[in-house]
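Shown next, in structure tokens, is the structure this report addresses.
Number of protein chains: 2
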Amino acid sequence: MRILVVGGKGTIGQAIVEKLKDKHELIIAGRTSGDVQVDLTSVASIEAMFNKVGHVDGIVNASGTAKFRLVEEMTPEDNLVAVQSKLLGQINLALIGQKYLRRNGSITLTTGVMKDDPVPGGASAAMANGGVQAFVKAAAIDFTQGIRINCVSPNVLVESYDKYQNSFKGFVPVPAERVAMAYVKSVEGKQTGQEYQVY
Amino acid sequence: MRILVVGGKGTIGQAIVEKLKDKHELIIAGRTSGDVQVDLTSVASIEAMFNKVGHVDGIVNASGTAKFRLVEEMTPEDNLVAVQSKLLGQINLALIGQKYLRRNGSITLTTGVMKDDPVPGGASAAMANGGVQAFVKAAAIDFTQGIRINCVSPNVLVESYDKYQNSFKGFVPVPAERVAMAYVKSVEGKQTGQEYQVY
């Protein structure tokens, strides 16, 4: 299959690429790296990417950011970082990308553990994660051409636990390699509307 | 207590007002009706409302809209209706309103059944509902002044089932009066971070 992996140079992205590269033709997209560039916060940039890439059998996104800030200090503007990136970046990738998906193609997005197991300052990220998960579950019933859509919700990663351990006290980090298996399940399996929680 | 009810003239809003009015001082906010006007899609309008209303013990929102459209026809622009209204309208009400809440005050937002039990064309609404629910769960752990935050997820209402029955096949509608009880639980109870599902 021909698979577009957005964020393919990140920690999770690289692990996904490792799992998929021997069996599929991969196109790696990134903001500054990869085979094609995209800024998911821009609808025009997403459209330009698909114009270049053309039709694919799978769209995977492993990118997206959010501002970590305690709710008592959070402004509406702080929250827009997650809205534009992790929430709308992913949903717009799905809305635009569906037109470039071949029959029975799949879309796989990324949420995260904070929506189920909150951490201090994580409410904006949680919001984006919760929005994506609910969109995925609902969108799955609307597709008519065998298109599937799922998301993967990773725990904090072993690879980045040093950086994030102060926020994720008591969490048991998971290796990116294990998280990547959930993307394989979404891309190569048959399920739709699911969130794979790798906690 | 002094409670601000945004959307207090809507079907759910009126039922909430009916349950709360004998025990509390209520301020009803609406886009065009009520004691004070607010457009939740505008941060400036929310700030202007709280400038007029001053400090309260509770903030309740029973308003918010979304565009219903099948995902295959949905554009990024269609989805912005729910983002601006049901998602950011409510989250900005919480972010701005927290500064006007007295100690141990509460915030109660509204989600909806579509995020758990999807209906055709409901993915944008589901996204907003899922985002609000996850925000509520995560925000609850950040507050330090006894501030609580919950949301209520109503099923389709008995009162509007005629209008919506084509989308909600097989759903068993609930009366607004029963939904209103969940807002009472949030306002007068002690729980926080909860979603009360009235299905």
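Protein chains in written order, with the working numbering: chain Y, -8 to 190; chain Z, -8 to 190. Note that beta-carbon positions come from the ideal geometry of N, C-alpha and C, so glycine has one too.
In the DSSP assignment, the beta strand (DSSP E) including residue i goes from what residue to what residue?
i        : result
Z:Pro145 : Arg139 to Pro145
Z:Ile19  : Glu16 to Gly21
Y:Gly49  : Val47 to Asn52
Y:Gln188 : Glu186 to Val189
Y:Arg94  : Leu92 to Thr101
What does residue i reach in chain Y if we use C-beta pairs closer than 8 Å?
i       : result
Z:Gly96 : In chain order: nothing, as chain Y lies at least about 13 Å away.
Z:Leu86 : Val62, Met65, Thr66, Pro67 and Asn70
Z:Val34 : Pro67
Go to residue i, then tell me how far its alpha helix (DSSP H) extends in each direction, as first and last residue.
i        : result
Y:Asp153 : Tyr152 to Tyr155
Z:Glu9   : Thr2 to Leu11
Z:Glu68  : Pro67 to Ala73
Z:Ala169 : For clarity, residue 169 of chain Z is Arg in the given sequence; the question names Ala instead. Unbroken alpha helix (DSSP H) run through Z:Arg169: Ala167 to Glu179.
Looking only at its own chain, which residues have a Cβ that is under 7 Å from the Cβ of residue i, when we skip the five neighbours before and after it?
i         : result
Z:Glu168  : Ala6
Y:Phe162  : Asn146 and Val147
Z:Gly(-2) : Gly4, Gly21, Asn52, Ala53 and Ser54
Z:Gly103  : Ala116, Asn120, Ser144 and Pro145
Z:Lys128  : Gly184
Could you list which residues in chain Z have their beta carbon closer than 8 Å to that of residue i, in chain order?
i        : result
Y:Asp133 : Leu61, Val62, Glu63, Pro111, Gly112 and Ala114
Y:Gly122 : Leu78, Met118, Ala119, Gly121, Gly122 and Ala125
Y:Gln89  : Val62 and Glu63
Y:Val147 : Neighbours of Y:Val147 on chain Z: none; closest Cβ ~15 Å, over 8 Å.
Which residue's Cα is closest to the Cα of residue i: the options?
i        : options                                  : result
Z:Ser144 : Z:Ser36, Z:Ala53, Z:Gly1 and Z:Phe41     : Z:Ala53
Z:Ala114 : Z:Val74, Z:Leu86, Z:Val170 and Z:Ser24   : Z:Val74
Y:Glu68  : Z:Ser33, Z:Gly1 and Z:Ala39              : Z:Ser33
Z:Gly80  : Z:Asn95, Z:Ala57, Z:Arg93 and Z:Thr66    : Z:Ala57
Z:Lys77  : Z:Ile50, Z:Gly96 and Z:Leu100            : Z:Leu100
Z:Val62  : Y:Asn95, Y:Asp26, Y:Asp13 and Y:Gly88    : Y:Gly88
Z:Gln136 : Z:Ser97, Z:Ile19 and Z:Lys176            : Z:Ser97
Y:Tyr190 : Y:His46, Y:Ser24, Y:Thr183 and Y:Met105  : Y:Met105
Z:Asp48  : Z:Leu17, Z:Gln185, Z:Ser36 and Z:Val29   : Z:Leu17
Z:Leu86  : Z:Glu38, Z:Val149, Z:Lys176 and Z:Phe59  : Z:Glu38
Y:Ser24  : Y:Glu9, Y:Ala35, Y:Val(-4) and Y:Asn42   : Y:Val(-4)
Y:Lys0   : Y:Lys176, Y:Val27 and Y:Asp13            : Y:Val27
Z:Val123 : Y:Ala131, Y:Val44, Y:Asp107 and Y:Ala130 : Y:Asp107
Name, please, each residue of chain Z whose Cβ falls closer than 7 Å to the Cβ of residue i.
i       : result
Y:Asn83 : Pro67
For residue i, which residues in chain Y fall below 9 Å Cβ to Cβ?
i         : result
Z:Met105  : Ala125 and Ala129
Z:Val(-3) : Going along chain Y, no residue has its Cβ under 9 Å from Z:Val(-3), so there is no contact; the nearest lies around 16 Å.
Z:Val44   : Under the 9 Å cutoff, chain Y gives no residues; its nearest Cβ is about 18 Å from Z:Val44.
By Cβ distance below 8 Å, which residues in the same chain neighbour residue i in space, the five residues on each side in sequence not counted?
i         : result
Z:Lys181  : Arg139
Y:Ile(-6) : Leu11, His15, Glu16, Leu17, Ile18, Val47, Asp48, Gly49, Ile50, Val51 and Val178
For residue i, which residues in the same chain have their Cβ closer than 6 Å to its Cβ, ignoring the five residues on either side in sequence?
i        : result
Z:Gln188 : Ser144
Y:Arg93  : His46 and Asp48
Just the chain Z side, please: which residues come within less than 9 Å of residue i by C-beta, in chain order?
i        : result
Y:Val189 : Neighbours of Y:Val189 on chain Z: none; closest Cβ ~17 Å, over 9 Å.
Y:Val8   : Per Cβ cutoff of 9 Å: no residues; Y:Val8 is ~27 Å from chain Z at best.
Would you mind telling me which residues of chain Y sit closer than 7 Å to residue i, beta carbon to beta carbon, in chain order?
i       : result
Z:Val29 : Within chain Y, no residue comes near Z:Val29; the closest Cβ sits about 14 Å away, beyond 7 Å.
query: Are there three or more Cβ pairs, one per stretch, closer than 8 Å when the segment 107 to 124 of chain Z is compared with the segment 149 to 165 of chain Z?
result: yes
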